[in-house]
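Below you'll find the structure, written out as structure tokens, and then a few comments.
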Ligand code: PGA
């Protein structure tokens with residue numbers, strides 16, 4: 196079976212003291228044994244340096260929440276892929292629905308961000324997902340396919356190096372999880388789209404995100420095309436995040 200990836204998305208939460216305690220609790224909770232899944236935490240950019248130190252040689256991989264579409268230059272406030280790389284960042288979220296919604300990130304911009312990450316040797320976790328209105332209008336497939344198509348189009352043969360995260364917008368932070376069957380249905384659509392683009396689609400990871408908790412993780416993660424989770428709220432409390440990890444089928 197493909198190894199799952201459980202990635203925490205801390206969003207704009209925490210502070211130095213709380214974050215250090217969280218990382219240390221995760222490391223202690225995971226122990227020294229082999230994990231059933233790969234684990235990452237996507238932290239606010241200002242905490243990358245400290246988190247890198249706290250993580251040390253642990254099995255938890257460092258992730259960021261955004262990357263500039265540009266390599267360098269006069270882009271005040273932006274952070275380049277190369278800068279992230281200097282702090283040992285292995286994964287970066289791109290196109291999270293909160294970035295698409297509050298920062299007007301278009302499919303084209305998301306695609307350029309994914310490209311920058313790949314150029315810098317960082318795995319982009321490309322987020323796609325429909326709003327409630329789009330789902331109710333029967334447009335789920337059309338929306339997620341359009342969002343992923345842009346990234347496939349611009350990233351050619353490197354596409355097999357990305358991770359995709361299906362995050363229905365209506366399930367993020369709302370406590371409303373897509374049922375495992377609803378999520379699997381969309382994951383299968385995304386897998387088919389990847390298969391048309393690369394011979395390596397079967398080994399690519401498609402994560403589910405949106406109110407994943409210890410209570411629903413096992414069912415979601417047992418679906419054939421759900422290869423891990425992108426976890427927001429439940430990643431901020433070590434027992435909850437560790438319980439999701441423990442729910443990963445070995
Ligand atoms: P949630 O967030 O788990 O709090 O719903 C997921 C995400 O936005 O990545």
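Residue numbers (my numbering): 196 to 445.
We put the CB at the ideal spot given by N, CA and C, even for glycine.
Ligand 1 heavy atom lying under 7 angstroms from the CB of residue i
{"i": "residue 425", "result": "yes"}
{"i": "residue 362", "result": "yes"}
{"i": "residue 333", "result": "no"}
{"i": "residue 208", "result": "no"}
{"i": "residue 367", "result": "yes"}
{"i": "residue 428", "result": "yes"}
{"i": "residue 411", "result": "no"}
{"i": "residue 407", "result": "yes"}
{"i": "residue 258", "result": "no"}
{"i": "residue 204", "result": "yes"}
{"i": "residue 324", "result": "no"}
{"i": "residue 404", "result": "yes"}
Limits of the unbroken beta strand (DSSP E) element including residue i
{"i": "residue 426", "result": "423-426"}
{"i": "residue 203", "result": "199-204"}
{"i": "residue 286", "result": "286-289"}
Per DSSP, the bridge partner or partners of residue i
{"i": "residue 256", "result": "235"}
{"i": "residue 360", "result": "322 and 402"}
Exposed unless 16 or more other CB atoms sit within 10 angstroms - verdict on residue i
{"i": "residue 436", "result": "buried"}
{"i": "residue 371", "result": "exposed"}
{"i": "residue 376", "result": "exposed"}
{"i": "residue 246", "result": "buried"}
{"i": "residue 319", "result": "buried"}
{"i": "residue 263", "result": "buried"}
{"i": "residue 360", "result": "buried"}
{"i": "residue 327", "result": "exposed"}
Endpoints, the alpha helix (DSSP H) within which residue i is located
{"i": "residue 317", "result": "Looking at the DSSP string, residue 317 is not in any alpha helix (DSSP H), and its letter there is neither H nor E."}
{"i": "residue 280", "result": "276-281"}
{"i": "residue 367", "result": "That residue, residue 367, is in no alpha helix (DSSP H); it is neither H nor E in DSSP."}
{"i": "residue 293", "result": "292-297"}
{"i": "residue 224", "result": "211-225"}
{"i": "residue 436", "result": "433-441"}
{"i": "residue 390", "result": "375-392"}
{"i": "residue 348", "result": "335-350"}
Any non-hydrogen atom of ligand 2 closer than 7 angstroms to residue i Cβ
{"i": "residue 251", "result": "Ligand 2 is not among the ligands present in this structure, which contains only ligand 1."}
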